[in-house]
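Student: Numbering (our numbering), first residue to last: 31 to 339.
All C-beta atoms in this analysis are idealised placements derived from N, C-alpha and C, irrespective of residue type, glycine included.
Starting off with a structure, shown below.
Take a look at the structure:
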C-alpha cells in the first residue's frame with residue numbers, strides 16, 4: 031500500500047529530497063549530487079537512497095529551476111515569433127523605462143530572438159475582439175514550413191487583442207501543428223499571459239516558447255524513469271504562484287514553473303516559522319521574502335544590509 035509523500039528540489043550542486051512515512055510519522059531527508067547532463071538521474075539516485083521500493087510513493091511534488099536556468103543562461107531553443115502585421119516590432123521596442131536612469135551608456139537587455147525571427151501575419155481584431163480582417167492562413171502555413179526549414183525549436187504567436195478573442199491565435203496553432211507535428215511547442219500569448227498590453231503578452235509567449243521544450247523534455251524523461259521503477263503516483267510540479275500542478279499540465283504551460291524552485295523555499299520558511307512559533311518577517315522590509323535578482327550588464331551581485339543594498 032502506497033505510504034510515502036515525497037518532495038524534491040534540484041539545486042546547482044545537490045538535489046534535496048524529503049520523504050514522509052505516513053505510517054511511522056517520520057521524515058527522512060537526503061542529498062544527492064546534481065547531475066547536470068541528466069538531471070533526472072540525480073533525482074532517481076536520491077529517491078532510491080531513502081525509499082526502498084519506489085512503488086510505495088503515494089504523492090510526489092517537485093520544485094525545479096529547469097525553465098529559469100534555461101532562461102538566465104540563454105540555453106533555450108530558437109524561437110520564431112508570429113505577430114500581427116504592422117506591429118511586428120512590439121517585442122523589440124518593449125517598454126520605455128530603463129533600469130539605470132542616469133547611465134548614458136545604458137542598453138536594453140538582449141532579446142531572446144532577433145528581428146529576423148519575427149513574421150508579420152495578416153488579420154486584425156478590433157479592441158472589442160471583433161474581426162476586422164480574417165487571419166491570413168496561408169502566411170501562417172508558410173511560417174510553419176519556415177520553422178522546419180530553418181531549424182526553429184518553438185513558435186510563439188502574439189496577435190493584437192487576442193485576450194479579448196483568441197480565435198486567430200487558436201487557428202494559427204492548429205495550422206502550425208499540422209505543419210510541425212503535435213509535439214512541437216507553439217506558445218500563444220493569450221494563454222501565456224491574458225493581459226491587455228501586447229508587449230507583456232508577447233514577451234511572456236516568447237519566454238514560454240524559449241524555455242518550454244527544455245522543461246517538457248526534462249519532465250518526460252523524469253516521468254519515464256519514475257514509471258520504469260514502479261511509481262504510479264502522478265508527478266506534481268511547484269508553480270510560480272506557490273501552488274502545484276500535474277506534470278502533464280506543466281508540460282502544456284511551462285511558463286507557470288519559471289519560479290518553481292525559489293517559491294518552494296519561501297513556502298518552506300513560512301511553514302517552518304509557523305511550526306516553531308516564529309513570527310513572519312515584515313513584508314515591507316523583506317519584500318515578501320523573495321529576492322529576484324536582475325541579471326543586467328553589470329553582472330555582479332550586491333550585498334544586502336538590513337534589507338537595503
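Check each candidate in 267, 192, 101, 44 and name the one with the smallest Cα separation from residue 253.
Tutor: For residue 253, the closest C-alpha among the options 267, 192, 101, 44 is that of 267.
Student: Please name the residue or residues paired with residue 92 in a DSSP beta bridge.
Tutor: Beta-bridge partners assigned by DSSP to residue 92: 38, 267.
Student: Excluding the 5 residues preceding and the 5 following residue 52 in the sequence, name in chain order all residues of the same chain whose CB lies nearer than 8 Å to its CB.
Tutor: 33, 34, 35, 88
Student: So, at 6 Å on beta carbons, what are the nonlocal neighbours of residue 107 in its own chain, with the 5 sequence-adjacent residues on each side left out?
Tutor: Result list for residue 107: 183, 184, 243, in chain order.
Student: In whole angstroms, what separates the C-alpha of residue 235 from that of residue 149?
Tutor: 15 Å
Student: Counting only runs of 4+ residues fully inside the region 132-193, write out the alpha helix (DSSP H) ranges in chain order.
Tutor: 167-179
Student: Would you call the region 149-161 and the region 186-204 in contact, with 3 or more CB pairs under 8 Å?
Tutor: yes
Student: Taking residue 50 as the reference, which of 43, 60, 44, 109 has the closest Cα?
Tutor: Comparing C-alpha distances from residue 50 to each of 43, 60, 44, 109 shows the shortest one belongs to 60.
Student: Identify the continuous alpha helix (DSSP H) that holds residue 219 and give its terminal residues.
Tutor: 219-222
Student: Quick one, are the C-beta atoms of residue 270 and residue 245 less than 8 Å apart?
Tutor: no
Student: Relative to the alpha-carbon of residue 102, which residue among 240, 284, 307 has its alpha-carbon at the smallest distance?
Tutor: Each of 240, 284, 307 was checked against the Cα of residue 102, and the nearest Cα belongs to 240.
Student: Quick one: what's got a C-beta closer than 6 Å to residue 95's C-beta in the same chain, skipping five residues either side?
Tutor: Contacts found: 291.
Student: Note down, in chain order, each residue of its chain lying with its Cβ closer than 6 Å to the Cβ of residue 110, except the 5 sequence neighbours on either side.
Tutor: 147, 177, 182, 185
Student: Whose C-alpha, out of 280, 304, 299, is nearest the C-alpha of residue 91?
Tutor: 280
Student: In chain order, what residues of the same chain have a beta carbon less than 6 Å from the beta carbon of residue 216, not counting five sequence neighbours either side?
Tutor: 185, 203, 206
Student: Using the C-alpha atoms, what's the distance from residue 93 back to residue 360?
Tutor: Since the first residue of the chain shown is 31 and the last is 339, residue 360 is not available in this structure.
Student: Pull up the DSSP beta-bridge partners for residue 87, would you.
Tutor: 34
Student: Who are the Cβ neighbours of residue 57 in its own chain at under 8 Å, not counting the five residues just before and after it?
Tutor: 48, 49, 50, 51
Student: Which same chain residues end up closer than 7 Å to residue 37 when comparing Cβ atoms and leaving out the 5 residues on each side of it in sequence?
Tutor: 48, 91
Student: Using C-beta distances below 8 Å, list every residue in its chain close to residue 8, excluding the 5 sequence neighbours before and after it, in chain order.
Tutor: In the structure as shown, the chain begins at 31 and stops at 339. Residue 8 is therefore absent and cannot be evaluated.
Student: Which runs of the beta strand (DSSP E), 3 residues or longer, sit entirely within the region 37-82?
Tutor: 44-51, 56-63
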